[in-house]
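Novice:
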Amino acid sequence: MEKERVVSSRPDREIKKKIITPGDYTLVPYEDSRCKIVLSHVTCTNSLGKCEIEPESRIFSKEFDGNVLIGDSDNFIDKDFELILQQMCCGETCEASLLYRDSEGVLVKEIKCNIELKEVTDEQLVSDWGWQRLYESALHHKERGVELVKQKRLADAFRRFNKALKFLIAIEPVDPDVIEEETIKEMIALKVKLYNNLAYIQLQYNEYEPALQLCNRAIQYDPENTKALYRRCTSYTGLQLYEEAWADIQHALKLDPSDKASQQKAKSLRPIIEKINKNYTDVVKKMFG
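Be aware that the sequence shown starts at 1, since it is given in full-length UniProt numbering, and climbs by one per residue.
Next comes the structure, spelled out in structure tokens:
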């Protein structure tokens, strides 16, 4: 049995593994590989003794079915677990340790377990995927991102939306002789939704400039998208570009006069715009008597 070695390390986290039984070194999981595993001897402790594993972990939940798709995890423990799998060979059994400390170096959680990597499906590299699979993957990550937003896991949702966008971009340039016109329209609509969703998350962190750029991209594909106009208005407001914000919200209200969010945004902006216009009028009066 080999010595324990470090898979990944940083001040607040250390991931280690030790081979019990070696496997086939020619078959190793990588991004988007499908793995069948068996977990055993699972323990979780902290500085006070036994503790619960992160409740959002899928791999360490009671419902876990033994299947792991590399790159498809959201919880931080599951993503760290994937790093171990990518350092294993098919058929290998190892002892694994995932150790987490707080900013003062106190042990928060240490998960120990044995992992048997029973099967690895040798997937194509993403660069070899056809447009259908890329599109299906984009839809999958987008839907998962929406679920994570509902759970208020915004950072994880952002990663999903960003991944979905990468899969869509990988299809470009779109060949109209290969992909039907209706499907191309659906792809464009999905891209607009992803830009909007990414902008929404940026706005939750008051990141107005990145949100503005994302809204611009959405509007480039769909100039009359009310969500993109509303969120760009919010971005402009955060950047104190009030006249640009006013133009966007007026455009959004023209497209959908009954939208309550746009009505409220216009109501909050109106006093600012009126003050800007009054100041401008006063300056003109002074200049020309």
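Where is the CB? At the ideal position from N, CA and C, for every residue including glycine.
(1) From which residue to which residue does the beta strand (DSSP E) around Asn107 run?
(2) Taking just the CA atoms, how far does Ser127 sit from Leu134?
(3) Per DSSP, what kind of secondary structure is Glu52 in: helix, strand or coil?
(4) I need the straight-line Cα distance from Glu209 to Val42, nearest angstrom please.
(5) Would you please state the rounded distance, in angstroms, between the beta carbons of Leu139 and Leu165? I believe it to be under 8 angstroms.
(6) If we count the other Cβ atoms within 10 Å of its Cβ and call it buried at 16 or more, is Tyr236 buried or exposed?
(7) Name the DSSP bridge partner or partners of Lys17?
(8) Buried or exposed for Ala245, please, with buried defined as at least 16 other CB atoms from any protein chain shown within 10 angstroms of its CB.
(9) Should Ile37 and Val6 be called a contact, given that it needs their Cβ atoms to be closer than 8 angstroms?
(10) Taking buried to mean at least 16 other C-beta atoms within 10 Å of its own C-beta, is Asn279 buried or exposed?
(11) When the cut-off is 8 angstroms and only beta carbons count, does Asn46 lie next to chain B?
(12) By DSSP, does Lys36 sit in helix, in strand, or in coil?
(13) Near residue 290, what residues of its chain come up, given a Cβ to Cβ distance below 8 angstroms and the 5 sequence neighbours on each side ignored?
(14) Assign Val68 to one of three DSSP states: helix, strand, or coil.
(15) Check each candidate in Leu239, Ser61, Glu95, Glu56 and name the one with the smallest Cα separation from Lys152.
(16) Buried or exposed for Glu92, going by 16 or more other Cβ atoms inside 10 Å?
(17) Are the region 211 to 228 and the region 166 to 180 touching by the rule of at least three beta carbon pairs closer than 8 angstroms?
(18) Using the three-state DSSP reduction, which class does Asn279 fall into: helix, strand or coil?
(19) Using DSSP with H/G/I as helix, E/B as strand and the rest coil, what is Arg133?
(20) If you pair each beta-carbon of the region 19 to 27 with each one of the region 105 to 112, do three or more pairs fall below 8 angstroms?
(21) Are there 16 or more other CB atoms within 10 angstroms of the CB of Pro29, so buried, or fewer, so exposed?
(22) Per DSSP, which residues does Thr43 bridge with? Please list them.
(23) Does DSSP put Cys89 in a helix, in a strand, or in coil?
Specialist: The answer reads as follows:
(1) The identity of residue 107 in the sequence shown is Leu, whereas the question assumes Asn. For Leu107, the uninterrupted beta strand (DSSP E) run begins and ends at 107 to 121, by DSSP.
(2) Taking the CA atoms as reference points, Leu134 sits about 10 angstroms from Ser127.
(3) Coil at Glu52, not helix or strand.
(4) Rounded to the nearest angstrom, the two C-alpha atoms are 45 angstroms apart.
(5) No, Leu139 and Leu165 are not in contact; Cβ-Cβ is about 12 angstroms, not under 8 angstroms.
(6) Label assigned to Tyr236: buried.
(7) BP columns for Lys17 point to Arg5, Ala96.
(8) With 16 or more Cβ atoms within 10 Å of its Cβ, Ala245 is classed as buried.
(9) Ile37 is not a Cβ neighbour of Val6, given a cutoff of 8 angstroms.
(10) Using a 10 angstroms sphere on the CB of Asn279, the tally of other CB atoms stays under 16, which defines it as exposed.
(11) Included in the structure is just one protein chain, with no chain B present.
(12) In the three-state reduction of the DSSP assignment, Lys36 falls in the strand class.
(13) With the chain covering only 1 through 289, there is no way to say anything about residue 290.
(14) Strand, per DSSP.
(15) It is Glu56 whose Cα lies nearest to the Cα of Lys152.
(16) Burial is judged here by how many other beta carbons sit within 10 angstroms of a residue's own beta carbon; Glu92 has at least 16 and is buried.
(17) With a cut-off of 8 angstroms, the region 166 to 180 and the region 211 to 228 do not count as touching, because too few Cβ pairs lie within range.
(18) Collapsing the DSSP output to three states places Asn279 in a helix.
(19) In the structure shown, Arg133 sits in a helix (DSSP, three-state: H, G or I).
(20) No: the two stretches stay apart, fewer than three of their Cβ pairs being nearer than 8 angstroms.
(21) That one is buried.
(22) Within the DSSP bridge table, the entry for Thr43 names Lys112 as partners.
(23) DSSP places Cys89 in coil when its eight states are reduced to three.
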